[in-house]
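Visitor: Converting from the sequence shown to the numbering used here requires adding 334 to each position, the first position being numbered 1. Virtual Cβ for every residue (Gly too), placed ideally from N, Cα, C. Note that the coordinates shown come from a computational prediction; the quantities given were computed from them, not determined experimentally. Let me begin by handing over the structure; questions about it come next.
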Amino acid sequence: MIDLYHFGFSTCSQKVRMVLAEKGLDFTSHEIDLLSGAQHDPAYVALNPNHVVPTLVDGGRVFLESTLINEYLDEAYPERPLMPESAADRHAARMWTKLLDQRVHPATGTVTFALGPRNMILQQPKEVRESNIEAIPDPEARKRRRSVIEHGVDAPEFAAALAAMVELLDRAEKALADQTWLTGSNFGLADAAIIPYVLRLDHLAMQPLLGPTVRPRLSDWYQRTQLRPSFQLAIAEWAPAEVIDLMRAQGEPEWPKIERILAGAEG
Ligand SMILES: N[C@@H](CCC(=O)N[C@@H](CS)C(=O)NCC(=O)O)C(=O)O
Numbered sequence: 335m336i337d338l339y340h341f342g343f344s345t346c347s348q349k350v351r352m353v354l355a356e357k358g359l360d361f362t363s364h365e366i367d368l369l370s371g372a373q374h375d376p377a378y379v380a381l382n383p384n385h386v387v388p389t390l391v392d393g394g395r396v397f398l399e400s401t402l403i404n405e406y407l408d409e410a411y412p413e414r415p416l417m418p419e420s421a422a423d424r425h426a427a428r429m430w431t432k433l434l435d436q437r438v439h440p441a442t443g444t445v446t447f448a449l450g451p452r453n454m455i456l457q458q459p460k461e462v463r464e465s466n467i468e469a470i471p472d473p474e475a476r477k478r479r480r481s482v483i484e485h486g487v488d489a490p491e492f493a494a495a496l497a498a499m500v501e502l503l504d505r506a507e508k509a510l511a512d513q514t515w516l517t518g519s520n521f522g523l524a525d526a527a528i529i530p531y532v533l534r535l536d537h538l539a540m541q542p543l544l545g546p547t548v549r550p551r552l553s554d555w556y557q558r559t560q561l562r563p564s565f566q567l568a569i570a571e572w573a574p575a576e577v578i579d580l581m582r583a584q585g586e587p588e589w590p591k592i593e594r595i596l597a598g599a600e601g
C-alpha cells in the first residue's frame, strides 16, 4: 500500500497525484496543512527532514523529492508507462523536470506567496507567522518567503520569479509546435509535472498568459490536460472552489501591476 503525505494545493503534491492517477494507483492520504505549519511538526520532519511535501512511503521505504518520486513510481509500477520510450525523449522529459526543480518551482513559491495566501498569512498572529517562516530550513527560501509576505508583488524577488514562470510557458508553447504532448504523442511525466505550474498561474488570475491568442498551443494543451480523468482525480477534487475563488480574488487586483512588470521585462 502506498502512503502519500501531501497538501491539496501544493504543486509538488499535485504532480505526484497526477502520476498516481495516470497509473491507476491508490494511496492512503495524509494531508499536511502547509498553511498552519504542519510540515514543521517533529513527527513529520522525522519522515521528511526538508520540512516539505510530498513524501511517499511504499513497502516501508520513504521516498522524497517529487520528480524522483514520479520516476520511482513509473519504474516500480511499469504498467501504463509515463516515461517516453526513446532515450532522446527521456532526456527531453528530464530537461523539463530539471527546469522545474531548479528554476520554476522556487519561482512559483515566490509568485504564489506574493499573491495567494499572503493576506491570510498576514492576518495570523505575528509569532505564528514568524515561527513558520523561521522553521524553513533553507536560508534562501526563508529569506524569499519573508520578503514576499512583507512586500507582495513589490518584493525585489517577484519580477524574476514571474519571468521564470513565463519562460516555462514560452518553452512549452515551442515544444508543442510539432507534437501533441510535451515529449511526444503520449501524455508523459513532463506533462504531469508541468500542469500544476500552469494551473497555478490560472488560479492566481493570470489567465491572459494562457489565452488562445497569446499561446495557442499551450492553451490547447491546458484544455486537453484538464479533460483527462487524472486531472479530475488528482487536482480538481483536491481544490475546493472557495479556495480557488479566494486565490483569484487576491490575484485579480494585482493584474495591472503584473502586466506592467511583464512589459518592463520585455522592454
Ligand atoms: N524539491 C522538493 C520541493 C518540495 C516543496 O517545496 N514543497 C512545498 C509545497 S509545493 C512545501 O512543502 N513547502 C513548505 C512550506 O511552504 O513551508 C520536491 O520536489 O519534492
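For Pro473, does the count of other Cβ atoms within 10 angstroms reach 16, so buried, or fall short, so exposed?
Guide: The count along the sequence shown starts at 1 and reaches residue 473 at position 139. Looking at its Cβ environment, which holds fewer than 16 other Cβ atoms inside 10 Å, Pro473 is exposed.
Visitor: I'd like to know whether the C-beta atoms of Glu491 and Arg478 end up nearer to each other than 8 Å.
Guide: Position 157 of the sequence shown, counted from the start, is the residue given in the question as residue 491. Position 144 of the sequence shown, counted from the start, is the residue given in the question as residue 478. Remark: C-beta atoms of Glu491 and Arg478 approach each other more closely than 8 Å.
Visitor: Hey, out of Leu552, Asn520, Pro471, whose CA is closest to Gln373's CA?
Guide: Counted from its first residue, the sequence shown places residue 373 at position 39. When each option's Cα is compared against that of Gln373, the closest is Pro471.
Visitor: To test your reading of the DSSP string, which unbroken beta strand (DSSP E) runs of 3 or more residues are found completely within the region 389-415?
Guide: With a minimum length of 3 residues, the unbroken runs of beta strand (DSSP E) contained wholly in the region 389-415 fall at 389-392, 395-397.
Visitor: Could you please give the first and the last residue of the uninterrupted beta strand (DSSP E) stretch that includes Glu365?
Guide: Counting from one through the sequence shown, the residue named residue 365 turns up at place 31. Where Glu365 is concerned, the enclosing beta strand (DSSP E) stretches over 362-365.
Visitor: Counting only the same chain and skipping the five closest in sequence on each side, list residues whose C-beta sits under 7 Å from that of Asp435.
Guide: By one-based count along the sequence shown, residue 435 stands at place 101. For Asp435, where only same-chain residues beyond five positions count, the Cβ hits under 7 Å are Thr401.
Visitor: Output the distance between the C-alpha atoms of Ala421 and Leu433, rounded to the nearest integer angstrom.
Guide: Residue 421 sits at position 87 when you count from the first residue of the sequence shown. Residue 433 sits at position 99 when you count from the first residue of the sequence shown. In a straight line, the C-alpha of Ala421 is about 18 Å away from that of Leu433.
Visitor: What residues in its chain sit with their C-beta under 6 Å from that of Phe397, if we drop five residues either side in the sequence?
Guide: Your numbering for residue 397 matches position 63 in the sequence shown. Closer than 6 Å at Cβ, skipping near neighbours: Leu390, Ile403, Tyr406.
Visitor: Applying the criterion that 16 or more other CB atoms from any shown protein chain within 10 Å of the CB defines a buried residue, is Ala527 buried or exposed?
Guide: Within the sequence shown, numbered from 1, the residue matching residue 527 stands at position 193. Per the 10 Å Cβ criterion, buried.
Visitor: Cβ-heavy atom distance between His364 and ligand 1 below 7 Å?
Guide: The residue you call residue 364 lines up with position 30 of the sequence shown. No; taking the cut-off as 7 Å, the Cβ of His364 has no heavy atom of ligand 1 nearer than that.
Visitor: Going by DSSP, what residue range makes up the beta strand (DSSP E) through Leu538?
Guide: Your numbering for residue 538 matches position 204 in the sequence shown. Run containing Leu538: none; DSSP gives neither H nor E here.
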